[in-house]
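Accompanying notes for the structure given below.
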Amino acid sequence: MALTKAEMAERLFLEVGLNKREAKEFVDAYFEVVREALERGEQVKLSGFGNFDLRQKNQRPGRNPKTGEEIPISARRVVTFRPGQKLKVRVESYAGPRE
Amino acid sequence: MTKSELIEALARRQTHLAFGDVELAVKSVIEQMSHALAQGERIEVRGFGSFALHYRPPRMGRNPKTGEAVALPGKHVPHFKPGKELRERVNLALQAEMA
Chain A
1350 MALTKAEMAE RLFLEVGLNK REAKEFVDAY FEVVREALER GEQVKLSGFG
1400 NFDLRQKNQR PGRNPKTGEE IPISARRVVT FRPGQKLKVR VESYAGPRE
Chain B
1073 MTKSELIEAL ARRQTHLAFG DVELAVKSVI EQMSHALAQG ERIEVRGFGS
1123 FALHYRPPRM GRNPKTGEAV ALPGKHVPHF KPGKELRERV NLALQAEMA
């Protein structure tokens, strides 16, 4: 089982009292606002949860795994997530499967 | 962008919602996500990305002050994998800046 947008919206309906349409729109807007900030090259810091950082990767040599042909992997910007201290502590003690 | 800036951006966007409800809703989404991970549950948001736990096996560490060896227990750490749309949008923005 995984937490999804539908479940988040359901909780906003139950806990915050948004109606179902508002709750669904809110969850969509939430992730869209975060995406737009990252798209602008802006770091997103959610205290208590973690930071979404942007890292610039230079061009590097790559290979087509099927043909073995060499093709450069272009310079790119990637999103990384650094969990905050509070989240790390909450997750550390999870005793479930060691995957 | 910080949590309070995210709240402000969402309040500007969802003008039919009371500011206090936007604040509660943002906090609820962050708490739901932290809670899910603390239970070992995955989070899946299409177009944004997924969060899961990764296991770090026990290892021998060292007290940096005394140099003494200490056994560190295994633990879980949160891991984020950006979704396709997020990866593409962040990277396209970079290409546009460079052009």
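Top line first, the protein sequences correspond to chains A and B. Per the working numbering, the very first residue in the first sequence carries number 1350; after that it's consecutive. Per the working numbering, the very first residue in the second sequence carries number 1073; after that it's consecutive. Glycine included, C-beta positions come from ideal geometry on N, C-alpha and C.
Compare the Cα-Cα distances from residue i to each of the options and report the closest residue.
i: R1384 (chain A); options: B:R1159, B:K1099, B:A1110 and B:M1132; result: B:R1159
i: L1363 (chain A); options: B:G1155, B:P1130 and B:L1096; result: B:L1096
i: V1117 (chain B); options: A:V1440, A:Y1379, A:P1421 and A:N1368; result: A:Y1379
i: E1461 (chain A); options: A:K1354, A:V1393, A:L1387 and A:A1386; result: Nothing about residue 1461 (chain A) can be reported from this structure: the residues present for chain A run from 1350 to 1448 only.
i: Q1086 (chain B); options: A:G1399, A:R1426 and A:A1372; result: A:A1372
i: R1389 (chain A); options: A:F1398, A:G1399, A:D1377 and A:L1403; result: A:L1403
i: A1168 (chain B); options: A:P1432, A:R1425, A:P1410 and A:L1352; result: A:R1425
i: A1081 (chain B); options: A:R1360, A:A1351, A:A1386 and A:K1369; result: A:A1386
i: K1147 (chain B); options: B:A1083, B:R1131, B:F1091 and B:A1090; result: B:R1131
Helix, strand or coil for residue i? Go by DSSP, reduced to three states.
i: M1170 (chain B); result: helix
i: A1372 (chain A); result: helix
i: K1075 (chain B); result: helix
i: L1395 (chain A); result: strand
i: S1122 (chain B); result: strand
i: R1114 (chain B); result: strand
Rounded C-beta distance between residue i and residue j? I'm assuming under 8 Å.
i: A1114 (chain B); j: S1122 (chain B); result: This sequence places Arg at residue 1114 (chain B); Ala is not what is there. Yes, they are in contact, since the Cβ atoms of R1114 (chain B) and S1122 (chain B) sit about 6 Å apart, within 8 Å.
i: L1436 (chain A); j: S1100 (chain B); result: About 16 Å; that fails the 8 Å criterion.
i: L1125 (chain B); j: H1151 (chain B); result: 7 Å
Looking at the C-beta of residue i, does it have a partner C-beta in chain A at a distance below 8 Å?
i: M1132 (chain B); result: no
i: F1152 (chain B); result: yes
i: A1108 (chain B); result: yes
Would you say residue i lies against chain B (beta-carbon separation less than 8 Å)?
i: G1417 (chain A); result: no
i: E1364 (chain A); result: yes
i: R1404 (chain A); result: no
Which bits of chain B does residue i rub up against, with CB to CB less than 8 Å?
i: R1426 (chain A); result: V1162, N1163, A1165 and L1166
So with CB distances below 7 Å, who are the chain A contacts of residue i?
i: K1156 (chain B); result: Near K1156 (chain B) there are no residues of chain A at all, since even the closest Cβ is about 12 Å away, more than 7 Å.
i: G1112 (chain B); result: Y1443 and G1445
Could you name the residues of chain A that residue i contacts, counting a contact when the two beta carbons are closer than 9 Å?
i: T1087 (chain B); result: None at all; the shortest Cβ gap to chain A is about 11 Å.
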